[in-house]
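Each residue of the sequence shown is one higher than the last, beginning at 1 in our numbering.
Where is the CB? At the ideal position from N, CA and C, for every residue including glycine.
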Amino acid sequence: MKVTIEREIAGRKMILQTGLLAKQANGAVTVQYGDSLILATAVMDSKEKEGLDFFPLTVDYREKYYASGKIPGGFFKREARPTDKETLTCRIIDRPIRPMFPKEFKRETQVMISVFSADEHNDPDIPSMIGAFAALAISDIPFDVSMGAVRIGLVDGQLVVNPTYSELELSDLNLTMAGTRDAIMMVESGANKISEDQMIAALEKGHEVIGEIAEVIDELRSQAQKEKLVVVPEEPNTELIEKLKSRVQSKLHDAILVKEKSARSEALSTLRDEAAADLLPAEDDPGYEAAVKEIKNIFHDLEGEEMRRMVLEEGLRADGRGPSDIRPISSEVGFVPKAHGSAVFTRGETQSLGTTTLGTSTDELIIDNLQP
1 MKVTIEREIA GRKMILQTGL LAKQANGAVT VQYGDSLILA TAVMDSKEKE
51 GLDFFPLTVD YREKYYASGK IPGGFFKREA RPTDKETLTC RIIDRPIRPM
101 FPKEFKRETQ VMISVFSADE HNDPDIPSMI GAFAALAISD IPFDVSMGAV
151 RIGLVDGQLV VNPTYSELEL SDLNLTMAGT RDAIMMVESG ANKISEDQMI
201 AALEKGHEVI GEIAEVIDEL RSQAQKEKLV VVPEEPNTEL IEKLKSRVQS
251 KLHDAILVKE KSARSEALST LRDEAAADLL PAEDDPGYEA AVKEIKNIFH
301 DLEGEEMRRM VLEEGLRADG RGPSDIRPIS SEVGFVPKAH GSAVFTRGET
351 QSLGTTTLGT STDELIIDNL QP
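So, in structure tokens, the structure goes:
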């Protein structure tokens, strides 16, 4: 059954439609904003793979030059690896949705977004985010929330919702947001110098628009949502948790305060292994690996609880630093002899090496994308 929902957002019509394309996907939605058109699909595996201790979520966003009536400008006309823009768009879609799945859900899930049409005004990334949220929301995948996304600009001191390419060139702010009615889940921003009040106003305006888009997705869900897969939460092994807790709680504090990172990791590993020594079955027992994994997960949670308590009650972080303490900082320039510029930056036990090479005009990068 084809379902279409229309709503005006920032003076332009936004159309969400499902039931026409990709009918075998768990969820599929097209989003049209202006003349930009995208298809978002969400698919999950029919079974959970054994042994997974993480959620295998893949988000893929692809632009093809036909969407804006172009042909790739390089020698090779085949469009192969993702561009930087595509990779970054995948990330801004992934970040807000990943924490919204149930913790116990481990089926492989893929969210695929294809840009069918890109006009000269609207960046397709915001419609793509909305399409991904909508496809998940109407599917039977256990993603039971309506979300929205928006870009906020600041042109001549005035907030602009979903600014066009030309407006962005004049804007002092480029703020991308995603979230639910109740919370902002993701923020990515670049700006010239603006006031704190202007930034807060932009966040508030963005969250207001996110609520409007969530209402549109709610309306789509009311007409097209499939019955959600029920994920049964795992019952915690309270007996094992209490046994481990009684053995490590008094020693966790001192282990976390060890200053050197490698020594701290060793102290925590030793504490865990000693506490679990008589709680594990024999190594040749079929349940040995599962028991090791369970104990590691419980210990990790206990460690996190103790670190949180230390921060809130004692004002201490790992290695004994206070909330405002900074590890020793140093830097050295000219580290790489033949590089045009180089520097080593050290903060505590963390180091980075930066190098710079100055090219000529023949090294200029020709950037091909859908933007006019």
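Exercise for the section: Below 6 Å CB to CB, which residues in the same chain sit around residue 340 once its five sequence neighbours on both sides are set aside? Expected result: For this step, residue 340 is matched to residue 340 along the sequence shown. Excluding positions up to five away in sequence, the list reads 356, 357, 358.
Problem - DSSP three-state assignment for residue 296, whether helix, strand or coil - result: As a working note, residue 296 is residue 296 in the sequence shown. Of the three classes helix, strand and coil, the one that applies to residue 296 here is helix, per DSSP.
Exercise for the section: Could you tell me which of 348, 48, 20, 39 sits nearest to residue 259, measuring between CA atoms? Expected result: Mapped onto the sequence shown, residue 259 falls at position 259. For the residues 348, 48, 20, 39, the minimum Cα distance to residue 259 belongs to 348.
Exercise for the section: Identify, in the order they occur along the chain, each residue of the same chain with its Cβ nearer than 7 Å to the Cβ of residue 218, setting aside the five sequence neighbours on each side. Expected result: For this step, residue 218 is matched to residue 218 along the sequence shown. Cβ neighbours of residue 218 within its own chain (closer than 7 Å, five residues either side excluded): 146.
Practice task
Would you check if the segment 188-205 and the segment 231-248 touch, i.e. whether three or more CB-CB distances between them fall below 8 Å?
Solution key: As far as the Cβ criterion goes, the segment 231-248 does not touch the segment 188-205, which means the pair count is below three.
Exercise for the section: Note the first and the last residue of the continuous beta strand (DSSP E) segment covering residue 33. Expected result: On the sequence shown, residue 33 is found 33 positions in, with the first residue counted as 1. Run containing residue 33: 27-33, per the beta strand (DSSP E) assignment.
Practice task
Have a look at 292, 320, 277 and flag the residue whose alpha-carbon is nearest the alpha-carbon of residue 253.
Solution key: Counting from one through the sequence shown, the residue named residue 253 turns up at place 253. Comparing alpha carbon positions, the residue from 292, 320, 277 closest to residue 253 is 320.
Exercise for the section: Starting from the C-beta of residue 207, find all residues in its chain whose C-beta is less than 8 Å away, skip the five residues before and the five after it, and write them out in chain order. Expected result: Taking the first residue of the sequence shown as 1, we reach residue 207 at position 207. Same-chain partners within the cutoff: 177, 179, 184.
Problem - Nearest-angstrom Cα separation, counted from residue 111 out to residue 385 - result: This structure cannot speak to residue 385, because the chain is shown only from 1 to 372.
Problem - Neighbourhood of residue 161 by C-beta, 6 Å cutoff - its chain only, sequence neighbours within 5 removed - result: Taking the sequence shown and counting its residues from 1, one reaches residue 161 at position 161. Around residue 161: 10, 209.
Practice task
Could you tell me which of 318, 85, 26, 31 sits nearest to residue 116, measuring between CA atoms?
Solution key: Along the sequence shown, one-based indexing puts residue 116 at 116. When the alpha-carbon of residue 116 is set against those of 318, 85, 26, 31, the nearest one is in 31.
Problem - Supposed contact pair residue 131 and residue 29 - C-beta distance, whole angstroms, cut 8 Å - result: The residue labelled residue 29 in the question sits at position 29 within the sequence shown. The residue labelled residue 131 in the question sits at position 131 within the sequence shown. Rounded, the Cβ-Cβ distance is 5 Å, consistent with contact.
Problem - Coil, strand or helix - residue 289 by DSSP - result: Residue numbering aside, residue 289 sits at position 289 when the sequence shown is read from its first letter. Three-state result, residue 289: helix.
Practice task
Taking all protein chains shown into account, decide if residue 393 is buried (16 or more other Cβ within 10 angstroms of its Cβ) or exposed.
Solution key: Residue 393 falls outside the range modelled here, since the chain spans only 1 to 372, and no answer is possible.
Handout entry: CB contact flag (residue 392, residue 163, <9 Å)
Key = The chain is shown from 1 up to 372; residue 392 falls before or after that span and cannot be answered.
Exercise for the section: Measure the alpha-carbon distance for residue 272 versus residue 328 and round it to whole angstroms. Expected result: Counting from 1 along the sequence shown, the entry for residue 272 is found at position 272. Counting from 1 along the sequence shown, the entry for residue 328 is found at position 328. Looking at the two C-alpha atoms, the distance is approximately 30 Å.
Handout entry: Range covered by the alpha helix (DSSP H) that runs through residue 60
Key = As a working note, residue 60 is residue 60 in the sequence shown. Counting along the chain, residue 60 falls outside any alpha helix (DSSP H), though it belongs to the beta strand (DSSP E) covering 57-63.
Exercise for the section: Pull up the distance between the alpha-carbon of residue 68 and that of residue 118, whole angstroms please. Expected result: Translated into the one-based positions of the sequence shown, residue 68 becomes position 68. Translated into the one-based positions of the sequence shown, residue 118 becomes position 118. Looking at the two C-alpha atoms, the distance is approximately 5 Å.
Problem - DSSP bridge partner residues for residue 185 (one or two, in chain order) - result: Residue mapping note: residue 185 aligns to position 185 of the sequence shown, counting from 1. Looking at the DSSP assignment, residue 185 forms no beta bridge with any residue, so it has no partner.
Problem - Coarse secondary structure for residue 247, derived from DSSP in three states - result: The residue given as residue 247 occupies position 247 in the sequence shown. In the structure shown, residue 247 sits in a helix (DSSP, three-state: H, G or I).
Exercise for the section: Indicate the three-state DSSP secondary structure (helix, strand or coil) for residue 346 in the structure shown. Expected result: For the purposes of this step, residue 346 is taken as the residue at position 346 of the sequence shown. In the structure shown, residue 346 sits in a strand (DSSP, three-state: E or B).
Problem - Residue of 255, 19, 36 minimising C-alpha distance to residue 12 - result: Locating residue 12 in the sequence shown gives position 12, counting from the first residue. Of 255, 19, 36, the residue nearest in Cα terms is 36.
Handout entry: Under the three-state DSSP convention, the category residue 365 falls into
Key = The residue given as residue 365 occupies position 365 in the sequence shown. Three-state DSSP puts residue 365 in coil, outside helix and strand.
Problem - Best match in 331, 304, 316, 332 for proximity to residue 325 [C-alpha to C-alpha] - result: Residue numbering aside, residue 325 sits at position 325 when the sequence shown is read from its first letter. Checked all of 331, 304, 316, 332; the closest Cα to residue 325 is 316.
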